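To keep things clear, I will list the structure first and then write my remarks on it.
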Amino acid sequence: MVCTGCALLCDDTRIEKNECRHACRIGDAHITSTNQIDPMVNQSPVDIDTAIKSAAEILVSSEKPVFVGFGNSVTEAQAIGIKLAEKVGAEIKTFHTGIFDDILNGRVKTCTLPEVRDYADVIVFLGCDPMNTHPRLLSRYAYYPRGEKRQHGWEEDRTAITIDLRFSHTASICKDAHTIDPHRQIEFMDALMDALSNKVPKTTYDKKRILKLAGTLKKAEFGVIFAGTGASAPPRDGTVRLMDRLNESSDFRLLPLAPGYNLRSIAEQLRQRCNRPGDDDGDAVDSGSSSDASNGGRDLHEADCILCLGFDLMNSLPPHGINGKMIVIDPNETLTSRYADVVIPCAAGGIDCTGSAVRMDGETVEVPMIRESERLSDGAILKRLLEVV
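Each residue of the sequence shown is one higher than the last, beginning at 14 in our numbering.
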C-alpha cells in the first residue's frame with residue numbers, strides 16, 4: 014500500500030488484522046482516522062445530494078470565487094478541480110508551491126530521493142523539522158540508510174546540518190545546528206553568502222561557526238537542501254541565491270518538504286495549463302504560492318466564495334478574515350468545516366479511493382485503495398459540480 018500521510022508516499026505500508034505496519038505516527042493516524050464528517054448545510058445535517066446542490070448554487074451565484082488547497086487530492090481530482098475553476102472563473106491558490114515552480118522551470122537544481130540515499134554526503138534541513146513532518150525521510154533516504162556511494166551511512170559518510178528558527182527534534186541528531194533569530198534571518202543568509210565567497214562575514218552571529226559551515230558546504234560532493242515551508246515561500250530570493258552561490262563551488266540540489274502529499278502534482282498541472290497555446294486570455298485560474306493567504310491575484314478577504322479542497326484554511330487564517338461563503342470538501346472534520354456554509358465529505362486518496370500522485374521529488378506513484386467505502390471521492394464530487402454549474 015502507499016501511504017498518503019505526507020509527500021514521501023511510502024510504498025511499504027501494510028495493513029494486517031486491523032493493524033497498520035511500517036507506517037510512521039503520521040501515516041498511522043492518517044490511515045486509521047475515524048474523525049469523519051457528515052454532509053452539512055449551514056451547520057445542519059443533510060444528504061450528500063443536497064450538499065452538492067447547495068455548493069453548486071453558491072458557485073453559480075459567486076462573482077469572485079477562490080479555490081484553495083488541492084495538495085491532499087489525487088492527480089485526477091486536481092485536474093477536474095482546475096476545469097471547474099475555469100468554468101466558474103475561480104482563482105486557484107495552492108500554498109507552498111512556489112519553490113516547485115522554480116524547480117520545474119529549471120531555475121533550481123533538484124534530484125530524486127533515491128539519489129539522496131545513494132550519493133548525498135551533506136544534507137541541510139533549512140527551515141524544516143522532518144522528524145515531525147516527514148518522519149521516515151531520515152530513515153529511508155536522507156541520513157541513516159547506506160547508499161550506493163555512502164556505504165557507511167550517517168556514522169562516517171553523511172553530515173547533517175539544520176538551519177532553523179528553533180532547536181528542533183531534527184537538530185538534536187545533526188552534527189551542526191544553527192538557530193536563527195526570527196528578526197535576523199537575512200543577516201544570517203548574507204553572512205553565509207560572504208563566507209561562501211571567502212570573505213569574513215560582518216555579522217553579530219558567531220563568525221567562526223559560519224565560516225566552518227561555509228567550509229563544510231563547499232566541500233560537499235553531492236549536497237542536498239531540504240527546504241521547509243518558510244524557506245520555500247515568497248520571498249524565496251534567499252534560498253535561490255544560496256543555491257546559486259553553492260553551485261559555484263560545489264554540487265547542491267534542493268527538495269521542498271511540501272505539507273500536502275500531492276502538492277507537486279498541482280504545481281505541475283497549473284504550470285502546464287499556463288503554458289498551453291492560446292492561454293493568454295488572462296483566465297482567472299492562478300497558482301498562488303504564498304505561505305499566508307494574501308498573495309497576488311484575488312485576495313481571500315475579497316472572495317465571495319471559497320472552496321477548500323482537502324485544506325484546513327482556518328488553521329492558518331482567522332475566521333474573521335473570511336467574508337465569503339465557504340464550501341469544504343474534505344474526508345475529515347477540520348476547524349474550517351466547523352465554520353463552513355456547506356460541508357461535503359469525500360473519500361480519502363489512498364485510503365478509500367484510488368488515483369495517482371506525484372512524490373515530492375517528481376516520481377509518479379499509483380495510489381491503490383486500502384478499503385471500500387460508500388463515500389464519493391473528491392474527484393466524483395467535483396465532477397458532479399462541473400456538470401451542474
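From the three backbone atoms N, C-alpha and C, an ideal C-beta is built for every residue, glycine too. Since the model is a prediction, treat every value here as computed from it, not as a measurement.
Item: Bridge partner(s) assigned by DSSP for residue 22; Value: Paired residue(s): none; residue 22 is not in a bridge.
Item: 6 Å Cβ shell around residue 441 - same chain, five flanking residues per side excluded; Value: No answer is possible for residue 441: the residues shown for the chain start at 14 and end at 402.
Item: Inter-residue CB distance, residue 275 and residue 15 (contact presumed, cutoff 8 Å); Value: In fact, because the Cβ distance is near 11 Å, the residues do not count as touching under 8 Å.
Item: Given residue 157 as reference, the closest of 133, 146, 89 and 316 once Cα atoms are compared; Value: 133
Item: Buried versus exposed call for residue 56 [16 or more other C-beta atoms within 10 Å across all chains shown]; Value: exposed
Item: For residue 321: DSSP bridge partner residues; Value: 81 and 341
Item: Short Cβ contact (8 Å threshold) for residue 61 with residue 395; Value: no
Item: Extent of the continuous beta strand (DSSP E) to which residue 357 belongs; Value: 355-358
Item: Three-state secondary structure assigned by DSSP to residue 102; Value: coil
Item: Inter-stretch contact (C-beta, 8 Å, three-pair minimum) for the region 362-377 and the region 262-274; Value: yes
Item: Delimiting residues of the alpha helix (DSSP H) encompassing residue 27; Value: Element bounds for residue 27: not the alpha helix (DSSP H) but the beta strand (DSSP E), 27-29.
Item: Unbroken alpha helix (DSSP H) run spanning residue 271, endpoints; Value: Neither: residue 271 is in no alpha helix (DSSP H) and is coded neither H nor E.
Item: Distance between residue 320 and residue 72 (C-alpha atoms, nearest Å); Value: 9 Å
Item: Neighbour-count burial assignment, residue 288, 16 or more Cβ in a 10 Å radius; Value: exposed
Item: Beta-bridge pairing of residue 164 - partner residues as DSSP gives them; Value: According to DSSP, residue 164 bridges with nothing at all.
Item: Residue burial classification, residue 306 (beta-carbon count within 10 angstroms, cutoff 16); Value: Confidence at residue 306 is low in this model, with a pLDDT of 39, below 50, so the placement of that residue should be treated as unreliable; the coordinate-derived value is given next. It counts as buried.
Item: Buried versus exposed, by CB contacts within 10 Å (16 or more), residue 182; Value: exposed
Item: Unbroken stretches of the beta strand (DSSP E), 3 residues or longer, contained in the region 213-264; Value: 236-240
Item: The region 351-368 in contact with the region 378-385 per 3-pair CB rule at 8 Å; Value: yes
Item: Exposure of residue 38, with buried meaning 16 or more beta-carbon neighbours within 10 Å; Value: exposed
Item: Secondary structure of residue 390, DSSP reduced to three states; Value: strand
Item: Segment contact, 8 Å Cβ cut-off, at least three pairs: the region 220-238 with the region 255-263; Value: yes
Item: Distance CB(residue 124)-CB(residue 374) smaller than 8 Å; Value: yes
Item: Inter-residue Cα distance where the pair is residue 31 and residue 83; Value: 29 Å
Item: Coil, strand or helix - residue 43 by DSSP; Value: helix
Item: Option in 81, 129 and 215 with minimal Cα separation from residue 330; Value: 81
Item: Straight-line Cα distance separating residue 228 from residue 203; Value: 15 Å
Item: DSSP beta-bridge partners of residue 15; Value: According to DSSP, which records beta bridges pairwise, residue 15 is partnered with nothing at all.
Item: Range of the contiguous alpha helix (DSSP H) that encloses residue 129; Value: 126-132
Item: Backbone secondary structure at residue 90 - three-state DSSP; Value: helix
Item: For residue 22 and residue 378, believed in contact at Cβ under 8 Å, the rounded distance; Value: 5 Å
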